[in-house]
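Q:
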Amino acid sequence: MSPARVAIVPARGGSKRIPRKNIRPFAGRPMIAYAVAAARESGLFDHVVVSTEDEEIAAVVEAHGGEAPFRRPAELADDFTPTVPVIAHAITACEALWGRIDEACCIYPCVPLLQAQDLVAAHALLDRGGESYAFPVVAFESSVHRALARDSDGRTRPLFPQFAQTRTQDLPTAYHDAGQFYWGRRDAWLVGASIHENGATLVLPASRVVDIDTPDDWARAETLFVARAGGPG
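Take the sequence shown: its position 33, counting from 1, is numbered 16 in my numbering, and each next residue is one higher.
1) What are the boundary residues of the beta strand (DSSP E) that includes residue 119?
2) Alpha carbon to alpha carbon, how far is residue 142 from residue 52?
3) If you reduce the DSSP assignment to three classes, tell me which class residue 168 lands in.
4) Can you name the residues that DSSP bridges to residue 184?
5) Classify residue -12: buried if its beta carbon has 16 or more other beta carbons within 10 angstroms, exposed otherwise.
6) Please confirm whether residue 33 and residue 49 have their CB atoms less than 9 Å apart.
7) Taking the alpha-carbon positions, what's the residue 140 to residue 58 distance?
8) Straight-line CA distance for residue 201 to residue 163?
9) Would residue 101 be called buried (16 or more neighbouring beta carbons within 10 Å of its own) or exposed?
10) Can you grab the Cα-Cα spacing for the pair residue 128 / residue 121, in whole Å?
11) To the nearest angstrom, how far is it from the Cα of residue 234 to the Cα of residue 56?
12) Identify whether residue 211 lies in helix, strand or coil by the three-state DSSP scheme.
13) Do you know offhand how far residue 94's Cα is from residue 103's?
14) Going by other Cβ atoms of all chains shown within 10 Å of its Cβ, with 16 needed for buried, is residue 63 buried or exposed?
15) What's the gap between the Cα of residue 145 and the Cα of residue 61?
16) When we look at the beta-carbon of residue 215 and count the other beta-carbons within 10 Å, is it buried (16 or more) or exposed?
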């Protein structure tokens, strides 16, 4: 029997900086619809579900081919709830409905640039064994080792003075979490294992990654989306 896999899209209704951003129209579709579509296109999942406390979000997901078979409890839907316990709750809820889940992929709701092929490639990393999670990263545009700290009066100082005179080409490349999705093994989610300390990583190009937290981020993401839709790949 093949492993049971579920995609879980955590989407609470209380976003503050961009109200209702999870279902706000983006390039003609509700934002969350892109996460659902990428999951379905990958062909990897038995179920694509949303974890939400919000009835409108649940209805939008169902209208775009996903499932909303349970509701997230209020104590897991505030501004400070981390991702891992939300996914652990969703796995438990899914198992009550469908039996044991072997692997779960948390896909964030605001990922219009996500491609199904990236879900497939990251899953292949998880399949190799040895790590509890697999997720995408992207290189910082500038070397973090040459970062500057800025005081309230505008004066700067090297954040890492030991690297102040090192040529940038001699410094290691640093990466940050792309903030799109996390593949994980069931038991890793349920015991609360750290994602960043137990994960294999897939490097994505910066052109396919945008963190949407402000209206400016939203506008930039739409520009990137339209540019990619009009060109190859």
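Just so you know, even glycine gets a beta-carbon here, dropped at the ideal spot from N, CA and C.
A: Checking against the coordinates, here is how it stands:
1) Walking along the sequence shown from the start, residue 119 turns up at place 136. 116 to 122 is the extent of the beta strand (DSSP E) around residue 119.
2) The count along the sequence shown starts at 1 and reaches residue 142 at position 159. The count along the sequence shown starts at 1 and reaches residue 52 at position 69. About 48 Å.
3) In the sequence shown, the residue the question calls residue 168 occupies position 185. Looking at residue 168 - three-state DSSP - the assignment turns out to be strand.
4) Locating residue 184 in the sequence shown gives position 201, where the first residue counts as 1. The partner list for residue 184 (beta bridge, DSSP) reads 118.
5) In the sequence shown, counting from the first residue as 1, residue -12 sits at position 5. Classified as buried, residue -12 has 16 or more neighbouring CB atoms from the shown chains inside 10 Å of its CB.
6) Taking the sequence shown and counting its residues from 1, the one referred to as residue 33 is at position 50. Taking the sequence shown and counting its residues from 1, the one referred to as residue 49 is at position 66. Cβ distance < 9 Å, so residue 33 and residue 49 count as in contact.
7) Counting from one through the sequence shown, the residue named residue 140 turns up at place 157. Counting from one through the sequence shown, the residue named residue 58 turns up at place 75. Their backbone Cα atoms lie some 42 Å apart in a straight line.
8) Translated into positions along the sequence shown, residue 201 becomes position 218. Translated into positions along the sequence shown, residue 163 becomes position 180. Their backbone Cα atoms lie some 15 Å apart in a straight line.
9) The residue given as residue 101 occupies position 118 in the sequence shown. With 16 or more other Cβ atoms within 10 Å, it is buried.
10) Position 145 of the sequence shown, counting from 1, holds the residue named residue 128. Position 138 of the sequence shown, counting from 1, holds the residue named residue 121. Near 16 Å, if we compare the C-alpha coordinates of residue 121 and residue 128.
11) Since the first residue of the chain shown is -16 and the last is 216, residue 234 is not available in this structure.
12) As a working note, residue 211 is residue 228 in the sequence shown. Helix.
13) For this step, residue 94 is matched to residue 111 along the sequence shown. For this step, residue 103 is matched to residue 120 along the sequence shown. Per the coordinates, the alpha-carbon of residue 94 lies some 16 Å from the alpha-carbon of residue 103.
14) Here residue 63 refers to the residue found at position 80 of the sequence shown. Label assigned to residue 63: exposed.
15) Position 162 of the sequence shown holds residue 145. Position 78 of the sequence shown holds residue 61. The straight-line gap from Cα to Cα measures roughly 40 Å.
16) The sequence position of residue 215 within the sequence shown is 232, counting from 1. Any reading at residue 215 must be qualified, since the residue scores a pLDDT of 44, below 50, and its modelled position is unreliable; the value itself is stated next. When all chains shown are included, residue 215 counts as exposed.
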